[in-house]
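For reference, the structure discussed in these notes is given below.
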Amino acid sequence: MENQYITVAYRLYAITNGEKELIEEAPIEHPFQFISGIGYTLDRFEKEITQLNKGDKFNFTIPCAEAYGERNEDNVRQVSKSIFCDPDGNFDSENIYPGNIIMLNDNEGNQFYANVGEVTNDKVVIDLNHPHAGKDLIFEGTITEMRPATNKEIEGMLNLMSGEGCNCGCGNCGEGCNEEHHHCNGQHHHHEDGNCCGKGHCH
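For the sequence shown, the working numbering gives the first residue as 669, with consecutive numbering after it.
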């Protein structure tokens, strides 16, 4: 099957303490965009969407095991606060605060996301679990575009996935990622599931 350029407007819910909680939204004015067949999204998400057509509505649940798996408490680490200081010793309080999602590098240059937890006088708690780990995900929305992808769009999306930035013809590919996530350098642990970020959305 040829690669499809697809955009979807959706609301993403998770069941938390028995309640349906809205955790993410891609409005029709800024839909989530991806290209099928290149591993950009969750396999189950792509499978559900590619069975449909432009204009179709969808409502499906992806079980935790087929989404981001269970939480692993071993992925919650304490790191030195000095990692997030500039050469003059000033702590990056603008980006390193509880609840924020940041982007980190390991020694090999691999990028991954982490959730900031408690910040103490000398330590920062970093949670390397995916923000949606341990959750069944409910997607409700509409397919706003579905057509064959151009070679330029495929190349651009592959560049985005490799961390080289976006060079595709889709206008605003990857919009919001660099603005919403802080990039730090230092000695960090590598989180194996780093496939997050498509216009700021995670799937």
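Every residue gets a Cβ at the ideal spot worked out from N, C-alpha and C, and that includes glycine. Quick caveat: nothing in here was measured; it's all calculated off a predicted structure.
Sequence-distant residues of the same chain with beta carbon closer than 6 Å to residue i, five excluded per side
{"i": "residue 727", "result": "808"}
{"i": "residue 816", "result": "670"}
{"i": "residue 676", "result": "699, 700, 809 and 811"}
Where the beta strand (DSSP E) containing residue i begins and where it ends
{"i": "residue 709", "result": "Looking at the DSSP string, residue 709 is not in any beta strand (DSSP E), and its letter there is neither H nor E."}
{"i": "residue 748", "result": "744-748"}
Distance, residue j Cα to residue i Cα
{"i": "residue 823", "j": "residue 708", "result": "12 Å"}
{"i": "residue 773", "j": "residue 732", "result": "26 Å"}
{"i": "residue 805", "j": "residue 756", "result": "43 Å"}
{"i": "residue 705", "j": "residue 670", "result": "8 Å"}
{"i": "residue 724", "j": "residue 752", "result": "45 Å"}
{"i": "residue 759", "j": "residue 749", "result": "8 Å"}
{"i": "residue 742", "j": "residue 829", "result": "27 Å"}
Residue i, enclosing alpha helix (DSSP H) - first and last residue
{"i": "residue 737", "result": "Where residue 737 is concerned, there is no enclosing alpha helix (DSSP H), given that its DSSP letter is neither H nor E."}
{"i": "residue 824", "result": "819-829"}
CA nearest to the CA of residue i, picked from the options
{"i": "residue 783", "options": "775, 801, 790 and 776", "result": "801"}
{"i": "residue 765", "options": "820, 795, 702 and 697", "result": "795"}
{"i": "residue 787", "options": "780, 746, 719 and 672", "result": "746"}
Nonlocal neighbours in the same chain, by C-beta distance under 7 Å from residue i, ignoring five residues either side
{"i": "residue 737", "result": "801"}
{"i": "residue 690", "result": "679 and 681"}
Environment of residue i [buried if 16+ CB atoms lie within 10 Å]
{"i": "residue 803", "result": "buried"}
{"i": "residue 730", "result": "buried"}
{"i": "residue 701", "result": "buried"}
{"i": "residue 797", "result": "buried"}
{"i": "residue 674", "result": "buried"}
Residue i at chain D interface by Cβ criterion, 8 Å
{"i": "residue 690", "result": "Here there is only one protein chain, and chain D is not present."}
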